[in-house]
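Take -17 as the starting number for the sequence shown in this note's numbering and just add one per residue. C-beta atoms are modelled at their ideal positions from N, C-alpha and C, and glycine is treated no differently. Below: one structure, written as structure tokens.
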Amino acid sequence: MGYVLGSVALDIMANLALEKSDGFARKGWGAAAVLLIMAAFALLSLAVTGMDLFIAYAVWGVLSILGTAIAVWLVFGHRLNLTSWAGVGILILAILLIRLG
-17 MGYVLGSVAL DIMANLALEK SDGFARKGWG AAAVLLIMAA FALLSLAVTG MDLFIAYAVW
43 GVLSILGTAI AVWLVFGHRL NLTSWAGVGI LILAILLIRL G
């Protein structure tokens, strides 16, 4: 699970860099986003050596979405509305059900 969490952290950083890149108008931030997402997937590939792919990818996806939502709120002031937060809650519930299955 450590590789998944490391991959999540890199994915969140990649998403922040992507936002800073302004649609790749700022090339340095765009390049950072690409490199960070490549590193995130490298760690995710290590994670699947010790767990099922669908579990690793599902956990990674939900934690990345939640982490990115929180990070862009803290860094850029973006906010999710109540419906969006409900969607995140449903995703978290889905992961819990997958883990229990």
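- In the three-state reduction of the DSSP assignment, T31 falls in the coil class.
- In the three-state scheme derived from DSSP, where H, G and I count as helix and E and B as strand, D4 is classed as coil.
- Taken atom to atom, the span from the alpha-carbon of L35 to that of D4 is near 32 angstroms.
- Here the segment 3 to 22 does not lie against the segment 51 to 60, with fewer than 3 beta-carbon pairs under 8 angstroms apart.
- Annotated three-state conformation of L62 is coil, per DSSP.
- Counting every other CB atom within 10 Å of its CB across the protein chains shown gives S(-11) a total of 16 or more, marking it as buried.
- I80 and I47 do not touch by the CB rule: their CB atoms are close to 15 angstroms apart, not below 8 angstroms.
- When rounded, the separation of the alpha-carbon atoms in A40 and A7 is 31 angstroms.
- Between V44 and L(-2), the gap from beta carbon to beta carbon reaches 8 angstroms or more.
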